[in-house]
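Here our numbering is used: position 27 in the sequence shown is 22, and no number is missing along the way.
Cβ coordinates follow ideal geometry from the N, Cα and C atoms, glycine included.
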Amino acid sequence: MAGRIKMRAAEKDGGVEIKLLMRHIMETGQRKDAQGNVIPAHHITLMEIAVNGTVKIRSQMGPAVSKDPYVHLFVPGAKKGDMIKISWVDNKGDKEELEEADNKTKEELEKYRKLIEDSNPTEFLIADGEELWKKPAGPKKQSLEKCDLGKGPGVLQGAYAELPRYFKDANRVMDVEARLVYCKETLQGMSAKEATANWSKKGSDHEKLVAFIASKSAGMEINIPMTDEQEKIIYNVGERLFYHRSGPQDFGCVTCHGEAGKRIRLTDLPQLNTVKGAQESMQSWPAYRVSQDSVWTMERRLIDCVRQMRWPEPEYGSDIIIALQSYMMRNANGVALKPGIKR
């Protein structure tokens, strides 16, 4: 009888931690059925674990092991991306094997991303965002074309790559979304409520405008400034927030993003307190999220993370969210932006 194998593997402490659930009846040959007849022995006799085709662990198993054995082990020297193969054979010659399913899943997700990359749905929002940028709106019937995103009024090239940054006219460090709200209020005469309306809704004006502005920095390196004292303060606040744990679950950003090898379901979680992890993550926002069929901005992603940690939900454009962005974006300095596709 061929059984089943379920496996979870995660990089940890210089190797890979593997948890296995092997479906097998594991009869010892010593039990009797209701009629008093001995139930024949039927159990796994040999289990092997191979990494990239080389057997690393070989274990003899006897009839004393319980039904559906659960095995927890560690393979030194293995790492994320290695092909792990689990196999067993029982005393009747039945066999079962499984290659590391998470690697296969990751590969399939990458294939899907590449398949739709040339027709990224974000392109439609970019076109809509350009229209909104140039369209007169608000009580003043003005466009956003004179909005200063840090490079001068109306200059878009490279602006997103240098945000968040300090703005003297607002006396505040702002990300792209907070700055857009400011420009809607000052240039177009909107109230704060009007300027932030429907920010979290799929296909909102905010998503479209951010997608358009970010597209003008595609291929440019992230270069978050740290020249003004306020920029240094907000970065330090963001760093402290990243490591701060709170709420009913004692969660913080560091819980999911403070060490390598963590994941939620099929998603590998970037280690955002390192340059490599921050660059891998921050270079691709705003991003089209396949699972949500919508484009998410960085603010929306962070506010949703805070909500999932069961912290009080911060306001759109709040200093808390801007501080976290400043910390993570600054850590990602030097990598080229390529707003893309995520799960």
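Inclusion of G153 and M185 in the CB contact set at 8 Å is not warranted, their separation being larger than that value. For W128, the three-state secondary structure derived from DSSP is helix. Per DSSP, the beta-bridge partners of A331 are E216. Q183 sits close to Q137, with the two beta carbons spaced by under 8 Å. Pairing M293 with D170, the inter-Cα distance amounts to about 10 Å.
The region 212 to 223 and the region 308 to 316 do not touch, with fewer than 3 CB-CB distances between them shorter than 8 Å. The beta strand (DSSP E) runs lying completely inside the region -3 to 36 and spanning 3 residues or more are -1 to 7, 10 to 18, given in chain order. For D263, the three-state secondary structure derived from DSSP is strand. Distance from the CA of A213 to the CA of E12, rounded to the nearest whole angstrom, comes to 38 Å. Setting aside the 5 residues that flank it on each side, G272 is surrounded in the same chain by P265, Q266, each with a C-beta closer than 6 Å to its C-beta; the list follows chain order. Under the DSSP definition of a beta bridge, Q55 partners with L41. DSSP places R167 in the uninterrupted beta strand (DSSP E) bounded by 167 to 169. The beta carbons of F237 and C251 sit no closer together than 8 Å.
Remark: C-beta atoms of P159 and S321 approach each other more closely than 8 Å.
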